[in-house]
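When we follow the numbering used here, the leftmost residue of the sequence shown carries the number -16, and every step to the right adds one.
This report refers to the structure that appears directly beneath it.
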Amino acid sequence: MNEQTCAACDYKLDDTRILVNIGGKPVEVCCEECATKLREAEKSAKAATRQPANN
């Protein structure tokens, strides 16, 4: 059996898994805390790519 784990913390997924859309793709996480972490990381990454480099 192929065991699936949380995309944020590698905890084993069960029936309470949450589906989160990250980067246009569905990602499964174990709890709302991990869902929030991934959403915040995505926002941070998008913001970092929009800022011009200071040289």
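For glycine and all other residues, C-beta sits at the position ideal for the given N, C-alpha and C.
Since this is a predicted model, take the numbers as computed values, not measurements.
Do residue i and residue j have their C-beta atoms within less than 7 angstroms of each other?
i      : j   : result
C(-11) : V12 : yes
A18    : I5  : no
A(-9)  : K20 : yes
Taking the beta strand (DSSP E) that residue i belongs to, which residues open and close that run?
i   : result
E11 : 8 to 12
Quick one: give me the first and last residue of the alpha helix (DSSP H) that residue i is part of.
i     : result
L(-4) : No alpha helix (DSSP H) holds L(-4); DSSP gives it neither H nor E.
E39   : Lying before the first or after the last residue shown, residue 39 is absent from the chain, which here runs from -16 to 38.
Per DSSP, residue i is paired with what?
i  : result
L2 : E11
How many Å lie between residue i and residue j at the Cα?
i   : j     : result
C14 : T(-1) : 7 angstroms
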